[in-house]
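Scroll down for the structure; my scribbles are underneath it.
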Amino acid sequence: MNDMRLVERDVSNRQAKIEARGVQVHYGEKHALKDVDVAILDRTVTAFIGPSGCGKSTFLRCLNRMNDTVASAKVAGRITLDGQDIYDPRIDPVQLRAKVGMVFQKPNPFPKSIYENVAYGPKIHGLARSKAELDEIVETSLKKAALWNEVKDRLAAPGTGLSGGQQQRLCIARAVATAPEVLLMDEPCSALDPIATAQVEELIDELRSQFSVVIVTHSMQQAARVSQKTAFFHLGSLVEYGETGQIFTTPQDPRTEAYITGRIG
Amino acid sequence: MTDVTAGAPERARGGSLLEGSARTKRRRAREWRMKAYGIGAIVLSLATLFVMLATILMDGVSAFRQATITFPVTVDAVIVDKAGNRNPEEMAKVTTIGYKRLLSQAFVAHLAAEGIDTAGVPEKDLGDMLSDDGPARLRDRVLADPSLVGQVVEVSVYATGRIDGYLKGRVTRATAERDTNVTPEQLDLADNLVAAGILTMPFNWGFLTGPDASDLRPEASGLGVAIIGSLYMMVLVAIFTVPVGVAASIYLEEFAPKNRLTDLIEVNISNLAAVPSIVFGILGLAIFINFMGLPQSSSLVGALVISLMTLPTIIIATRAAIRAVPPSIREAALGIGASKMQLVFHHVLPLAMPGIMTGTILGLASALGETAPLLLIGMVAFVTNYPAGPFEGGVMDPATALPVQVYSWASRSDPAFIERSSGAIIVLLVFLVIMNVAAILLRRRFERRW
Ligand SMILES: Nc1ncnc2c1ncn2[C@@H]1O[C@H](COP(=O)(O)OP(=O)(O)OP(=O)(O)O)[C@@H](O)[C@H]1O
Ligand SMILES: [Mg+2]
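Same order as they appear, the protein sequences are chains S and E. The numbering used here applies: residue 58 is where the first sequence begins, and numbers increase by one. The numbering used here applies: residue 2 is where the second sequence begins, and numbers increase by one.
As structure tokens, this is what we get:
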């Protein structure tokens with residue numbers, strides 16, 4: 058607990074990286090997100106928790122405009138990244154997504170080689186000036202995602218031939234390789250064993266020194282372990298948002314308390 | 002989950018697993034019937050296909066062999082080069098009539114020299130056993146190489162269609178009695194010639210390479226012009242339709258907004274695919290020939306008309322292939338900041354490629370068999386000159402196409418053309434099979450799993 062309070066103090070003087078004000082999302086008739094206000098701090102891990110279908114993924118996808126690709130989705134409200142409105146018509150979502158990377162809920166490697174999967178982002182963003190540099194990026198990214206040892210001998214093998222958990226880590230490596238400023242991770246550990254989970258959590262902790270990380274998780278323990286801030290969603294609303302220690306020890310809202318003690322969900 | 006089954010009424014679960022319940026038996030019976038229908042349908046279609054192929058093969062295979070008479074000819078300078086100076090321009094004044102006389106005389110002399118019994122066949126009838134195509138070929142040969150004058154050359158001349166038909170079983174002595182073009186004695190002589198090895202049935206390259214011939218000379222007619230025409234058209238159709246079709250599909254699938262206008266375009270593309278082909282023929286006649294003034298009967302106009310017909314098919318196939326690319330791949334690419342263009346060219350097209358290829362080749366294959374619109378733009382004309390090479394404006398020259406050749410031969414009166422027509426169908430089928438195999442191979446080659 059002492060530990061957590063240290064982290065709390067650390068967080069309080071960070072700046073907001075992403076600010077969301079009154080975000081509403083409709084999927085056709087369905088009102089999936091209701092009036093969400095959140096400030097995601099720089100160099101901080103923020104956990105989104107909440108029961109299934111409460112809108113965690115939906116909100117995450119608002120933050121890098123992936124909802125643009127869903128024809129029925131309508132996003133209202135204001136979201137800023139470093140003070141810039143990301144829904145401004147002059148903003149290029151392609152550039153935004155290079156800065157705000159994402160690991161999806163379901164692993165979705167490209168049907169290309171493992172190497173190509175990781176190298177693709179750096180290639181299209183021109184992050185490597187030479188083949189050697191690209192190799193370097195691929196290797197460090199795979200190492201960060203705790204996959205290097207398993208695949209270093211078969212980088213040319215198809216990424217889709219890996220196991221589910223390996224694919225998920227490949228997707229993490231792919232997202233990390235583009236060096237985003239914010240990394241959105243939608244249940245990155247749902248298909249991983251405890252060892253790989255620990256490694257990914259280590260990675261998240263490491264990334265915190267440079268980036269903001271937003272992680273959606275169904276594991277209270279994981280949220281408590283890796284995050285400094287926690288947001289609890291319920292039925293499309295943001296119920297409570299605060300320091301992770303405070304949310305897990307003295308939740309203000311009865312629904313939060315019910316969820317983290319396992320009575321709703 | 003568990004409490005639901007616990008709360009549900011307890012079914013009779015007794016009895017051995019080896020004997021099915023009444024319910025399972027009914028289900029099995031239904032399944033069995035479904036399978037039986039399926040097998041029945043397949044057997045029926047295979048039987049029909051078999052009958053069709055067998056008929057075509059039986060009628061058409063003989064077109065690939067041709068009764069040919071081989072004998073030596075002395076190219077007599079007195080006939081072919083009256084001026085005696087071996088000048089091809091002056092030699093060209095001698096028409097095929099002169100060469101016909103030359104051939105007939107040489108043939109008669111050869112028969113006498115070989116000691117073949119020509120009883121009952123007057124000398125004129127002997128010469129008439131040779132196709133009129135022979136003199137023309139000999140003339141071309143001599144004009145191309147004047148040094149042959151005065152030499153003895155070995156010529157292979159087609160026998161007339163009747164003799165050819167006799168050797169293939171189409172003409173009998175009974176029909177010859179009633180036929181003004183052949184006598185039973187000529188048929189007897191044909192038997193002798195076969196025995197002497199003068200009359201043979203070699204593989205008929207002329208059928209694949211030669212141009213069409215008139216009603217009077219079925220033995221000389223070939224598919225050369227039709228094959229060139231079809232080839233030109235296929236290449237042009239591919240050049241016209243693939244870029245346009247793929248570009249249109251990519252735009253409609255990936256970039257176009259979903260609104261009334263694009264809905265309307267979609268519906269119309271599907272409708273265009275269902276428009277009868279003859280309508281496209283009328284359209285082509287009006288636009289390409291009457292309005293734009295492109296030459297009639299040319300492979301260019303044929304290709305344009307067929308492109309119009311094939312385009313909707315290709316667009317529909319391509320869009321289906323693009324749509325089949327899993328959305329998760331799109332999300333993955335967009336999620337790491339790929340642009341629309343990069344998404345399309347790096348991820349969607351490679352994955353859709355096998356589908357696009359198959360769709361395109363099948364579209365081209367059906368275009369290859371298209372006949373009706375070509376009739377309207379004049380490609381059914383009787384063309385005996387080869388079109389020029391593809392880079393010398395050959396696509397503007399009159400040509401025919403394989404299916405049209407099938408149609409025009411099938412409508413001629415001489416029964417010898419029935420065989421030719423079926424033979425042409427076999428050639429067409431071979432081309433179609435090659436294209437379909439190519440489609441399968443390409444599909445295998447490009448297929449990737451995800
Ligand atoms: N593309 C879509 N079209 C229509 N409705 C959608 C779509 N995506 C999500 N929804 C709806 O929006 C609501 C929120 O979905 P979301 O995926 O954000 O839930 P979640 O909190 O991520 O759940 P889980 O923990 O199961 O992943 C759900 O009720 C869902 O049915
Ligand atoms: Mg989700």
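Built from N, CA and C at the ideal position, the CB exists for glycine as well.
Arg331 (chain E) and Leu309 (chain E) have their alpha carbons spaced roughly 32 Å apart. Ranking E:Asp398, E:Ile317, E:Ala440, E:Asp213 by CA distance to the CA of Thr359 (chain E) puts E:Ala440 first. Set against 7 Å, the gap from the CB of Asp210 (chain S) to the closest heavy atom of ligand 2 is not smaller. Excluding residues up to 5 positions away in sequence, Ala73, Glu76 lie with their Cβ nearer than 6 Å to the Cβ of Ala96 (chain S) in the same chain. With fewer than 16 neighbouring CB atoms inside 10 Å of its own CB, Ser187 (chain S) falls in the exposed class. The beta carbon of Gln224 (chain S) is closer than 6 Å to those of Pro164, Pro166 in its chain, skipping five residues each way along the sequence. For Val271 (chain S), the shortest separation between its Cβ and any heavy atom of ligand 2 does not lie below 7 Å. Under a 10 Å Cβ-count criterion, Met235 (chain E) is classified as buried, with 16 or more other Cβ atoms of the shown protein chains found around its own Cβ. Of all residues in the region 233 to 252 of chain E, none has a C-beta nearer than 8 Å to a C-beta of chain S. Looking at the DSSP output, Pro73 (chain E) shares a beta bridge with E:Glu155.
Put simply, of E:Pro73, E:Gly41, E:Thr184 the residue whose alpha carbon is nearest the alpha carbon of Leu149 (chain E) is E:Pro73. Contact annotation: in the region 335 to 359 of chain E, residues whose CB is within less than 9 Å of a CB in chain S are Leu335, Gly336, Ile337, Gly338, Ala339, Ser340, Lys341, Gln343, His347, His348, Pro351, Leu352.
Among the residues of the region 105 to 123 of chain S, those with a Cβ less than 8 Å away from any Cβ of chain E are Asn121, Met123, in the order of the chain.
DSSP lists S:Pro215 as the bridge partner or partners of Ser170 (chain S). Judged by their CB atoms, Ser266 (chain S) and Arg100 (chain S) are nearer to each other than the 8 Å cut-off. Among the bridge pairs identified by DSSP, Pro399 (chain E) is matched with E:Ser299. For the beta strand (DSSP E) assignment, the uninterrupted runs of no fewer than 3 residues enclosed by the region 255 to 300 of chain S are, from N- to C-terminal side, 269 to 273, 286 to 291, 294 to 300. Closest option to Glu263 (chain S), judged by alpha-carbon separation, among S:Cys228, S:Lys201, S:Arg231, S:Pro251: S:Lys201. If you draw a 10 Å sphere on the C-beta of Pro311 (chain S), you find fewer than 16 other C-beta atoms in it, and that means exposed. Residues lining ligand 1 by the Cβ criterion, that is a Cβ closer than 5 Å to any of its heavy atoms, are S:Tyr84, S:Ala89, S:Ser109, S:Gly110, S:Cys111, S:Gly112, S:Lys113, S:Ser114, S:Thr115, S:Val127 in chain order. Between Ala425 (chain E) and Gly303 (chain E) a beta carbon distance of about 17 Å is seen, past the 8 Å cut, so the two are scored as non-contacting. The region 132 to 150 of chain S makes no contact with the region 296 to 313 of chain S, as fewer than three CB pairs between them are under 8 Å. A residue is called buried when at least 16 other Cβ atoms come within 10 angstroms of its Cβ; Gly285 (chain E) meets this threshold and is buried.
As computed with DSSP, Met242 (chain S) is found in a beta bridge with S:Val160, S:Ile272. Pairing Leu219 (chain S) with Cys228 (chain S), the inter-Cα distance amounts to about 11 Å.
Contacts with chain E at 8 Å (Cβ-Cβ) do not include Val273 (chain S).
For Met159 (chain S), the closest Cβ of chain E is nearer than 8 Å.
Here DSSP, grouped into helix, strand and coil, assigns Ala368 (chain E) to helix. Annotation for Gln285 (chain S) indicates a beta carbon at 7 Å or more from all heavy atoms of ligand 2. Shown here, Asp125 (chain S) sits in a helix according to DSSP, grouped into three states.
Residues of chain E with a Cβ closer than 7 Å to the Cβ of Phe305 (chain S) do not exist, since the nearest Cβ in that chain sits about 30 Å away. Inclusion of Met354 (chain E) and Phe241 (chain E) in the CB contact set at 8 Å is not warranted, their separation being larger than that value. An exposed status is given to Met293 (chain E), since fewer than 16 other beta-carbon atoms sit within 10 Å of its beta-carbon.
Within chain S, the C-beta atoms nearer than 8 Å to that of Arg331 (chain E) come from Thr126, in chain order.
Short note on Gln162 (chain S): C-beta closer than 7 Å to some heavy atom of ligand 2. Here Lys87 (chain S) carries a strand assignment [DSSP, helix/strand/coil].
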